[in-house]
Each structure stands twice: as structure tokens, then as C-alpha cells.
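Remarks on the structure that follows.
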Amino acid sequence: MKIAIASGKGGTGKTTVAVNLVLSVEGMQLFDCDVEEPNCNLFLGQELEKVEDVSCPVPVIDSDKCTLCGKCATFCRYNALAALPTGIMVFPFLCHGCGGCGLVCPEGAVQEEPRVLGVVEKGKTTAPLEFYRGLLNIGEAMATLVIRTLQEHIDASRPAIIDSPPGVACPVIAAVGNADYCVLVTESTPFGFHDFKLAVEVVKLMKIPFGVVINRDGLGDSRVEDFCRAEKIPILLKIPNDMRIARLYSEGIPFVEEMPGWKEKFAAMFKAIESGSESGVMNA
Amino acid sequence: MKQLAIISGKGGSGKTTLTAAFASLAKNAVLADCDVDASDMHLILKPEIQEEEDYLGLEVASIDPELCTGCGKCREACRFGAISADITINQYSCEGCAVCTVACPENAVSMKPRISGQVFSSKTRFGPFAHAKLGIGEEASGKLVSAARERAIKLAEQYTKDLIIIDGPPGIGCPVIAAITGTDLVLAVSEPTVSGIHDLKRVIELAKHFRIPVTVCINKFDINEVNSLTIEKFCAEAGVPVLGRLPYDDITTRAMMREETVIEYAARECSLSKENVSFPAKSPCFENSHEHEEPVKGRDFVSEVCKIWEQLEERLS
Numbered sequence: 001m002k003i004a005i006a007s008g009k010g011g012t013g014k015t016t017v018a019v020n021l022v023l024s025v026e027g028m029q030l031f032d033c034d035v036e037e038p039n040c041n042l043f044l045g046q047e048l049e050k051v052e053d054v055s056c057p058v059p060v061i062d063s064d065k066c067t068l069c070g071k072c073a074t075f076c077r078y079n080a081l082a083a084l085p086t087g088i089m090v091f092p093f094l095c096h097g098c099g100g101c102g103l104v105c106p107e108g109a110v111q112e113e114p115r116v117l118g119v120v121e122k123g124k125t126t127a128p129l130e131f132y133r134g135l136l137n138i139g140e141a142m143a144t145l146v147i148r149t150l151q152e153h154i155d156a157s158r159p160a161i162i163d164s165p166p167g168v169a170c171p172v173i174a175a176v177g178n179a180d181y182c183v184l185v186t187e188s189t190p191f192g193f194h195d196f197k198l199a200v201e202v203v204k205l206m207k208i209p210f211g212v213v214i215n216r217d218g219l220g221d222s223r224v225e226d227f228c229r230a231e232k233i234p235i236l237l238k239i240p241n242d243m244r245i246a247r248l249y250s251e252g253i254p255f256v257e258e259m260p261g262w263k264e265k266f267a268a269m270f271k272a273i274e275s276g277s278e279s280g281v282m283n284a
Numbered sequence: 285m286k287q288l289a290i291i292s293g294k295g296g297s298g299k300t301t302l303t304a305a306f307a308s309l310a311k312n313a314v315l316a317d318c319d320v321d322a323s324d325m326h327l328i329l330k331p332e333i334q335e336e337e338d339y340l341g342l343e344v345a346s347i348d349p350e351l352c353t354g355c356g357k358c359r360e361a362c363r364f365g366a367i368s369a370d371i372t373i374n375q376y377s378c379e380g381c382a383v384c385t386v387a388c389p390e391n392a393v394s395m396k397p398r399i400s401g402q403v404f405s406s407k408t409r410f411g412p413f414a415h416a417k418l419g420i421g422e423e424a425s426g427k428l429v430s431a432a433r434e435r436a437i438k439l440a441e442q443y444t445k446d447l448i449i450i451d452g453p454p455g456i457g458c459p460v461i462a463a464i465t466g467t468d469l470v471l472a473v474s475e476p477t478v479s480g481i482h483d484l485k486r487v488i489e490l491a492k493h494f495r496i497p498v499t500v501c502i503n504k505f506d507i508n509e510v511n512s513l514t515i516e517k518f519c520a521e522a523g524v525p526v527l528g529r530l531p532y533d534d535i536t537t538r539a540m541m542r543e544e545t546v547i548e549y550a551a552r553e554c555s556l557s558k559e560n561v562s563f564p565a566k567s568p569c570f571e572n573s574h575e576h577e578e579p580v581k582g583r584d585f586v587s588e589v590c591k592i593w594e595q596l597e598e599r600l601s
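Those sequence lines, one after another, are chains X and F. When we follow my numbering, the leftmost residue of the first sequence carries the number 1, and every step to the right adds one. When we follow my numbering, the leftmost residue of the second sequence carries the number 285, and every step to the right adds one.
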């Protein structure tokens, strides 16, 4: 089972939920898909090794064969090629690697070479949990490619937790797209609630069953809970607005390791999701 | 005209709260919400929309079932996995490259425009405001950020404003690059957590990569003063000025609950006159706050925000 941890708003506690959850249940896999800012390992402290480079195939023009017809540049939707009187200019940073220029070139003058834009890494320790993460190189735009490559390493026979990036755009879709369940993490403030409703739209659109973790419970008001009750969205867990949790987070310590009783709560949440009985967890 | 972008790497570190506070303090600025994925600034600014425009992103492939023979050549050619085994397009995976139109021997595939979002020009109590809303699950949020910034520039010209204040998205990818390229100054909002430090280092590197002067402020510095010192140390080593340290204070939440900027909230709480709103830190309100029945909380927070703003203005002038 693949469970994605997501939120519209950043900083609501996705990584906190993902890390504490995998530490509360045996035999989990964790995939840090927030490849722009992957933070899970700050809490796990695993030694990482490279699994593979993530690269995008970009065109290389063979100037001996090129007749400067410009078909490649006309075809490219990303303006990654420009036909100049003296030659074809390639802008690798704009290229999405679709291969279209090679397809339309009548002279077979377009070759491709990989351009590395990120990396997939893996924790060296495999027990009690297996950890993978993607990392987008600085200055690169295509987070989705790194996320897609990272997800190829999911072992579907075991439970996998996916820590998703914030927002509602393509990287989020790439991260949560093929999850079996989505845990939305939010806080009950005007910003948190507004972005939470966007995240609800995403998971509804993707037709993924979902539930909610209210983080910093006690902050703000009851608007998230009122909404969830009205919409019959299961509230899976509430994490209090507790200075101890905030301080442990600031130091990179998963709070289930220091605060008794929380491993059980996370494990119960996982069990409820896995067994499909989560709708009765806290709403009852 | 100058442009200031507020970013953070890590989400939830206080970008929008600070940007909204700057909106209260700026004298002649256009505001731009470039967190087009999950924009929140309108919740505080309550814009009155003047102009709205659909934003057309990359096109999306469409298969004519009458012409399709199901040969699957489009599916083989698509590198984004956007065509399923039954030869239908998954529009959320389609990146609009149009390779499928070339691969199809039957000319059954065509590209259709798609509305990826909306861009708005609005009026607010702080002046003109450019903002945008990305459709759920859409591509090209970077392009929408650029569209919002173009609107902001137009508004600045129209109303002769000399500054654009940009509320940026989290992360370091496509929309962030679109939000900071060509700006004059970046303020990175950090928090003293291991994640905050990690993400700050990456945004500083990003700003340097694009050769944009970058400054830092530390939010909630007192939740972990050791980490705050770490941030100051590496900023000093990297030659990045730290403009201020904001204490943890629930004034940010209280102001948000009332849909006010922290400056407005603080001003109202001690019934300042409008003229004094711009620099409450220097106002009698704060000096005499202990005489109030309920002391004005958030004084340090607000005066630090004002201090940061003064320094930003200085650097931009």
C-alpha cells in the first residue's frame, strides 16, 4: 500500500507526519518526494548512497548533417531550440526531453545526450525501514522528472510512505498520483484552511481516498474540524500545538522517539488506513 | 522600478505574513502574489478584482477516437507516460510536447489549448495587487508566475509605483526560479530548525546562481537559539546579511485570524492613528504599552519587522 503525505500549504508538518509514521511501524519504506527541499533524512540521519542520476535527454545537433531547415526549432514547444542563420542553438535548461526535435528532423541530425538534473539516493541502513530520496540540483526546474524516477524504486509488495512537496501543481500530482491513500496535513488557521481545501480538490480529482491530520491543534480555531465533519472527511490524528514538539523538530529529533504514547497513535492510524476503517477513527 | 522577492525554500516559514506586513509599511509599491499554487495573500489583502484573464498554459494532446486505430505508436513515443494502454490521454501527465501528433500515422492526435489558471489585477487597501491562481494539478506554474509578474509591472507603470514586492513560492524549482529571476533583491525567510537551515542554504545558493543579491531574516529565532546562531554564522561566512530576528509570537496567528497584517493588528490594538501606522515601532503606543490595561503583545515582533523593512528599503534605494 502506498500512502502519500500531502498538504496545499508548506510547513504544515508533512515531513513530521511521514517520519514519525515510518518510525512507528515495522518494515516501512519511505520516499522523500519533496525533491526541491528533501528534509526527511535530517530526522533519520542515515548515511546515503547514490542509486542513480536523474537525467533529461537533450538534443545535440550534428552540424555536418543539419541543413538549417529549422523544423526542430519550430516544433519545440519549450523554446529550447532556435534556428539561426549560422546554426541551431540549443538551450538545454529549457528542454523537457520529449525527443520531438529528433522525430521531426528530416536529416537525422539530432542526437541526444543525457543532462543530469538530480539524483536518487538511498539510505545504507535497510532495517527497520528503507529510505529513498530524490534531490533536484540547484537551478534546475524539472522536479517532476526526479519524482517520477524516484518512484520507480517503490516495492509495491510492502507499505510505502511518500512525503510529497507542497502546493497543488505538477510535482504534487507526480508525487501523490499513484498513491492508494492520501494523508492531508493541515493546521486550523485561515491560511492552513484555505490551502487545505485546495489539497482536498487535488485528491478528489485524482480519486484518491484521504483523511486528515490536524497539526498544531489548538492554534487558530475549529474551522478545519467543522469542515471535515460537514464533508465527512475522516480526522486521523491531531498533533497538539506543543512547544516540546516544536523544539524537538527544530533539533531534528522525531518526537515519537521522545514522547511516550505517540508511536502507538501513529501505528493505530496506519492500521486504520490499511484496514480501510479510518473513517471511524476520530469522528465518531 | 525595483523588485523585491520574498522566498524561503521551506514552506510555512512566514513569507506571506511578512510580505503582508511590508504591504502595510511600503509607501509606493505594487504587491504580487507569486505563490500561484497555494496563494494566501488575498486572504489578508482582500483584493477587489479589476481585471481577470484566463491563462493558457502548454497545450494538451487530444485523440480523435474516430481516426484512432489503437496502434499505440503515440504511447511508445510519449516520454511522459501520459498515454495509457487503452490509448487515452492523462492530461495531468501530458506536458504538451506534441510528439504524439508526429508519431500518429493516422493524424488522429491534435493539440488543444488548455486554461491552466487565471491572472488578476486588483485593488487593495495597500495599492495595486497582481495575483494568479493555478488550476488544480496544472503544469507550468513557472509560466503563470511570470504572467503575474508581468501584470505587476504593468500595474506599477500605470500607477507610477517604484517598487514591486513579490510573495514567492516555497522550494527551489521552476516557480521559484520564475519568481526571482530579474529581481533586485531577495529576502529569504528562515526558521532555526534543521529543515529551515537545510532549505535556507539551498535558496541562498539558488539566488547566487542567478546572481541576485540575497538577504536573510530569521523567524521564530527564539525556538532554538543555537540553530539561530548557526544560521547567522553561515550567513556571515557566505557574505549574506541577516537583517533581523523575529521572535516567536502568536501575534502572527491573531492577525491572520482577523484578516489583518501584523502592522494593522498592532496599530488597531493600541488605537494608533493612521499616520502612525507606518512605523509603529517608533510610536508612543509601543513605548507606553505597559500602561495599557492589556499590554500590547507582539511589540518586539512588530518593531523587528519595521527594522527589517527599513533595511530592505535602504538596500533597494
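Here a beta-carbon is modelled for each residue, glycine too, at the ideal position from N, C-alpha and C.
- Look at GLN287 of chain F here: in three-state DSSP terms it is strand.
- By the criterion of at least three beta-carbon pairs nearer than 8 Å, the stretch 509-520 of chain F is in contact with the stretch 470-477 of chain F.
- Fully enclosed beta strand (DSSP E) runs of no fewer than 3 residues occupy 28-32 and 48-61 of the stretch 6-75 of chain X, in order along the chain.
- Residue pairing from DSSP places LYS417 of chain F in a beta bridge opposite F:GLN402.
- Bounds of the beta strand (DSSP E) holding THR499 of chain F are 498-502.
- Runs of alpha helix (DSSP H) with 4 or more residues, each lying fully within the stretch 213-245 of chain X, are found at 223-231, listed in chain order.
- The CB of LYS294 of chain F comes closer than 7 Å to the CB of GLY10, GLY11 and GLU37 in chain X, given here in chain order.
- Chain-order list of chain F residues neighbouring PRO165 of chain X: GLY455, by C-beta distance under 7 Å.
- Beta-bridge partners assigned by DSSP to SER474 of chain F: F:ILE502.
- In this structure, DSSP gives PHE266 of chain X a helical state, which the three-state scheme calls helix.
- It is roughly 31 Å from the alpha-carbon of SER323 of chain F to the alpha-carbon of PHE91 of chain X.
- Under the three-pair Cβ rule at 8 Å, the stretch 423-434 of chain F does not count as touching the stretch 385-394 of chain F.
- From the beta-carbon of PRO476 of chain F, the residues of chain X found nearer than 9 Å are SER250.
- For GLN595 of chain F, no beta strand (DSSP E) encloses it; the enclosing alpha helix (DSSP H) starts and ends at 583-600.
- For ASP62 of chain X, no CB of chain F lies under 8 Å from its own CB, so it is not counted at the interface with that chain.
- PHE131 of chain X carries a strand assignment under DSSP once its states are collapsed to helix, strand and coil.
- With contact defined as three or more Cβ pairs closer than 8 Å, the stretch 538-550 of chain F and the stretch 328-336 of chain F are in contact.
- Under DSSP, GLU121 of chain X takes part in a beta bridge, and its partners are X:LYS50 and X:ARG133.
- Shown in chain order are the members of the stretch 291-325 of chain F whose Cβ falls below 7 Å from a Cβ of chain X: GLY293, LYS294, GLY295, GLY296, SER297, THR300, ASP321, ALA322 and ASP324.
- In this structure, the alpha-carbon of PRO128 of chain X lies about 20 Å from that of VAL120 of chain X.
- For THR189 of chain X, a Cβ of chain F is located within less than 8 Å of the residue's own Cβ.
- When the alpha-carbon of PRO190 of chain X is set against those of F:ILE448, F:THR301, F:ILE290 and F:LYS294, the nearest one is in F:THR301.
- With fewer than 16 other beta carbons inside 10 angstroms of its own, MET89 of chain X counts as exposed.
- The Cβ neighbour count for VAL110 of chain X, taken over all protein chains shown within 10 Å, is at least 16; the residue is labelled buried.
- Residues of chain F whose Cβ lies closer than 8 Å to the Cβ of ALA83 of chain X do not exist, since the nearest Cβ in that chain is about 17 Å away.
- Excluding the 5 residues flanking it on each side, ALA392 of chain F has same chain C-beta neighbours closer than 7 Å at ILE347, ASP348, LEU351 and CYS352, in chain order.
- DSSP places ILE173 of chain X in no beta strand (DSSP E) but in the uninterrupted alpha helix (DSSP H) bounded by 170-176.
- Taking the C-beta atoms as reference points, GLY293 of chain F is found no nearer than 8 Å to LEU136 of chain X.
- Among the CB atoms of chain X, one or more fall inside 8 Å of the CB of ARG486 of chain F.
- Interface criterion not met: the Cβ of LEU184 of chain X is under 8 Å from no Cβ in chain F.
- Fewer than three pairs of CB atoms, one per stretch, sit closer than 8 Å, so the stretch 42-53 of chain X makes no contact with the stretch 267-279 of chain X.
- Under the Cβ criterion of 8 Å, HIS153 of chain X is not counted among the residues facing chain F.
- The residue among X:ILE245, X:LYS50, X:TYR181 and X:PHE227 with its C-alpha nearest the C-alpha of LYS207 of chain X is X:TYR181.
- VAL22 of chain X sits close to ILE161 of chain X, with the two beta carbons spaced by under 8 Å.
- Within a 10 Å sphere around the beta-carbon of THR15 of chain X sit 16 or more other beta-carbons, which makes this residue buried.
- The straight-line gap separating the alpha-carbon atoms of GLU258 of chain X and LEU184 of chain X is approximately 24 Å.
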